[in-house]
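With this note's numbering as the guide, the letters of the sequence shown map in order to residues 21 to 242.
For reference, the structure discussed in these notes is given below.
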Amino acid sequence: MTGFTDLGYARVDTDRESRQGLPEVVYAPGKRPAEIAGIVTELLARGTGPVLATRVEADVAAAIAVPGGTYHETARLLVWRPAAAGSFRVCIATAGTSDWPVAAEAEAVAAAIGLSTDVVRDVGVAGIHRLLAARDELDRADAVIVVAGMEGALASAVGGLVACPVIAVPTSTGYGAALEGVTALLAMLTSCAAGLTVVNIDSGFGAAMAAHRLAQVVAKPR
21 MTGFTDLGYA
31 RVDTDRESRQ
41 GLPEVVYAPG
51 KRPAEIAGIV
61 TELLARGTGP
71 VLATRVEADV
81 AAAIAVPGGT
91 YHETARLLVW
101 RPAAAGSFRV
111 CIATAGTSDW
121 PVAAEAEAVA
131 AAIGLSTDVV
141 RDVGVAGIHR
151 LLAARDELDR
161 ADAVIVVAGM
171 EGALASAVGG
181 LVACPVIAVP
191 TSTGYGAALE
201 GVTALLAMLT
211 SCAAGLTVVN
221 IDSGFGAAMA
231 AHRLAQVVAK
241 PR
């Protein structure tokens, strides 16, 4: 048994669901609609879990001829066979409205793979009282995904308030010295709130998958 299927243009990792609890996720950019459809069809046939295609533009989504998919336009996510919501709760907190497309990806991916989600929007540190007003949502979370651009300070603020894991997502939001997310990335990496997990710039997907790995460990029989 090879654990993958060779489609010629892709070697589909059909063994990933048994290793990690989710099928391989399809990254759409650089692939033709027919190639995405072929990979998705193979994943649906060879597993039972949710099948996702990320960073799918609307015109590409319309051209993918695989029945049963749901398209989340802001998140640019196509989902087949979404998982039912489980007990592991993730709160997605955004610093500003401009960070929402990245947060939407995190929320849509998290929901599709079976995490329960809350969303707290526009609670950046320029008005810290907005964050403090959301303490109930933060405190009931098993993990918090913080999505912030500019100077990325929201991750440190949340990291100092909650005891649960905090997954920080720097975004490319901001003026010149924000350096398309590099400033927020470096700020999050050097946060004085110990133990933050930091994913790549604009990677709502990466944050949701980090939360999934945490949920898998929590659910593992002891």
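Where a beta carbon is used, it is the ideal one built from N, C-alpha and C, also for glycine.
Note that this is a predicted model, so its numbers are computed, not measured.
- For I187, the enclosing beta strand (DSSP E) has its first and last residue at 186 to 190.
- Within its own chain, the residues whose Cβ lies closer than 7 Å to the Cβ of A78, once the five positions on either side in sequence are excluded, are E93, listed in chain order.
- By the C-beta criterion, the region 94 to 105 is judged to be in contact with the region 64 to 79, since at least 3 inter-stretch pairs fall below 8 Å.
- The residues L72, T74, A95, L97, G224, F225, A228, M229, in chain order, have a CB closer than 8 Å to that of V129 in the same chain once the five nearest residues on each side in sequence are set aside.
- Residues Y29 of the same chain have their beta carbon placed closer than 6 Å to that of E55, with the five preceding and five following residues left out of the count.
- Rounded to the nearest whole angstrom, the C-alpha separation of T25 and V237 is 28 Å.
- Put simply, of W100, G196, I84 the residue whose alpha carbon is nearest the alpha carbon of T90 is W100.
- With distances taken between CA atoms, L135 lies nearest to A235 out of W120, D222, T203, A235.
- The distance from the Cβ of V186 to that of V166 is about 6 Å, consistent with a contact at the 8 Å cut-off.
- If you look at S136, you'll find it in the beta strand (DSSP E) that goes 136 to 140.
- Checking the DSSP bridge columns, you'll see R36 has no partner listed.
- With fewer than 16 other Cβ atoms inside 10 Å of its own Cβ, R52 counts as exposed.
- Apart from sequence neighbours up to five positions away, the residues of its chain that approach R36 with a beta-carbon distance below 8 Å are L42, P43, E44, ordered along the chain.
- Bounds of the beta strand (DSSP E) holding F24 are 24 to 26.
- With contacts defined by Cβ atoms closer than 8 Å, T191 and D119 form a contacting pair.
- Annotated three-state conformation of T210 is coil, per DSSP.
- Three or more beta-carbon pairs drawn from the region 168 to 179 and the region 137 to 152 are found closer than 8 Å, and the two stretches are therefore classed as touching.
- Each of L216, T203, E125 was checked against the Cα of Y47, and the nearest Cα belongs to E125.
- In the structure shown, L63 adopts helical secondary structure according to DSSP, grouped into three states.
- Pairing I221 with I112, the inter-Cα distance amounts to about 16 Å.
- Rounded to whole angstroms, the separation of the alpha carbons of V80 and V189 is 26 Å.
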